[in-house]
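As structure tokens, the structure follows; a few thoughts come after it.
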Amino acid sequence: MRRKYSKIAFMALALMLLDTQAVYGGVINMNINGNSREALEILFLLTIITLLPSILIMMTSFTRIIIVLSFVKNALGLQQTPPNQVLVGIAIFLTLFIMSPVMDEINTSAYEPYKNEEITQEEFVDTASVPIKTWMLKQTGNDELKMFLDMSRDEAIQEIDNIEELPLTVVIPAFVTTELKRAFIIGFLLYIPFLIIDMIVSSVLMSMGMMMLPPVMISMPFKILLFVVVDGWSLLFKTLVTTFN
Numbered sequence: 028m029r030r031k032y033s034k035i036a037f038m039a040l041a042l043m044l045l046d047t048q049a050v051y052g053g054v055i056n057m058n059i060n061g062n063s064r065e066a067l068e069i070l071f072l073l074t075i076i077t078l079l080p081s082i083l084i085m086m087t088s089f090t091r092i093i094i095v096l097s098f099v100k101n102a103l104g105l106q107q108t109p110p111n112q113v114l115v116g117i118a119i120f121l122t123l124f125i126m127s128p129v130m131d132e133i134n135t136s137a138y139e140p141y142k143n144e145e146i147t148q149e150e151f152v153d154t155a156s157v158p159i160k161t162w163m164l165k166q167t168g169n170d171e172l173k174m175f176l177d178m179s180r181d182e183a184i185q186e187i188d189n190i191e192e193l194p195l196t197v198v199i200p201a202f203v204t205t206e207l208k209r210a211f212i213i214g215f216l217l218y219i220p221f222l223i224i225d226m227i228v229s230s231v232l233m234s235m236g237m238m239m240l241p242p243v244m245i246s247m248p249f250k251i252l253l254f255v256v257v258d259g260w261s262l263l264f265k266t267l268v269t270t271f272n
């Protein structure tokens, strides 16, 4: 069951990218040769499938997680281990774990009523957009939100007092900017202990006159040992999850 409504939840996220009822309604209600509704809906679903990777990256916790995992890999000095496919898989399942309350809410408030034909497609889009927008706003910094509000040329948007009423065209870029900022901060903090190991190893090699020996070759085992001793993976995953709470 969870597997089923998880797919539906991400489809709902794709629908939210349209965040304009007038445009959305206008497209669905167009009548070309008397039978365009079904064709347009099929085209719309194909568009959703195409946009799924972007939705996963831009509207969930995936961005922060994959960037931090990449920082850890580089800080350890590992080139091929773990493979990028493994890092992406870890990021996806951590994203599903973090986003599960949002998906549950979308399933309960939007998908189930829509499946039971209690609400229309337009109402489904509007209802499904509320939980994900609320979640993104909780993770978005005030400075980033203010920056995109100031850059917006729409006076109606700039006059909005309640941030819950902001359109996704403002919330999403502010959210992504915040995610990039926080991911780089976490990555920098992760780099510090491994950088210290590199400096110590380099100093020892220079004092021993072994300047031709690459310090990375010697420091890598010590980095891996440190990461294993402190139970690095568990600590990293716990930190990533708690940063979203």
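The sequence shown maps to residues 28 to 272 in my numbering.
For glycine and all other residues, C-beta sits at the position ideal for the given N, C-alpha and C.
Which residues in the same chain have their Cβ closer than 8 Å to the Cβ of residue i, if we skip the five residues on either side of it in sequence?
| i | result |
| --- | --- |
| VAL243 | GLY104 and ASP225 |
| LEU114 | ILE93, LEU96, SER97 and LYS100 |
| THR266 | ILE213 |
| THR161 | GLU191 |
Is residue i near residue j, with beta carbons less than 8 Å apart?
| i | j | result |
| --- | --- | --- |
| LEU96 | ALA118 | yes |
| THR167 | VAL129 | no |
| ALA210 | PHE175 | no |
| SER88 | ILE125 | yes |
| LEU252 | ALA102 | no |
| THR90 | LEU207 | yes |
| PRO221 | LYS250 | Here the sequence assigns Phe to residue 221, which means Pro is not the residue at that position. Yes, these two residues count as a Cβ contact at 8 Å. |
If you draw a straight line from the C-alpha of residue i to the C-alpha of residue j, how long is it?
| i | j | result |
| --- | --- | --- |
| LEU121 | PRO194 | 27 Å |
| ILE55 | ASN272 | In this prediction, ILE55 scores a pLDDT of 43, lower than 50, which makes its location untrustworthy; the coordinate-derived value is nonetheless stated afterwards. If I take the Cα positions, the gap works out to 38 Å. |
| MET239 | VAL231 | 13 Å |
| LEU263 | PHE254 | 10 Å |
| SER234 | ILE227 | 11 Å |
| THR74 | GLN106 | 36 Å |
| THR77 | GLN112 | 20 Å |
| PRO241 | GLY259 | 25 Å |
| THR135 | VAL203 | 27 Å |
| ILE69 | ILE245 | 57 Å |
| LYS173 | ILE190 | 10 Å |
| SER229 | ILE219 | 15 Å |
| GLU144 | PRO109 | 46 Å |
| VAL268 | ILE84 | 16 Å |
| ASP131 | LEU123 | 11 Å |
| LEU79 | MET237 | 52 Å |
Whose C-beta lies closer than 7 Å to the C-beta of residue i among residues of the same chain, with five residues either side of it excluded?
| i | result |
| --- | --- |
| PHE151 | ALA137 and TYR141 |
| THR205 | GLN166, THR167, GLY168 and GLU171 |
| GLU192 | none |
Just checking my contact of residue i with residue j at CB under 8 Å: how many whole Å lie between their CB atoms?
| i | j | result |
| --- | --- | --- |
| ALA155 | ILE133 | 5 Å |
| ILE187 | MET86 | So it is not a contact: roughly 20 Å between Cβ atoms. |
Can you find the residues in the same chain that come closer than 6 Å, C-beta to C-beta, to residue i, ignoring five residues on each side of it along the sequence?
| i | result |
| --- | --- |
| ILE146 | PRO140 |
Quick one: complete alpha helix (DSSP H) runs, 4+ long, within the stretch 189-270? 195-234, 242-256 and 259-270
Only counting runs of 4 or more residues, tell me where the alpha helix (DSSP H) segments fall wholly within the stretch 99-148, in order along the chain. 111-133 and 139-142
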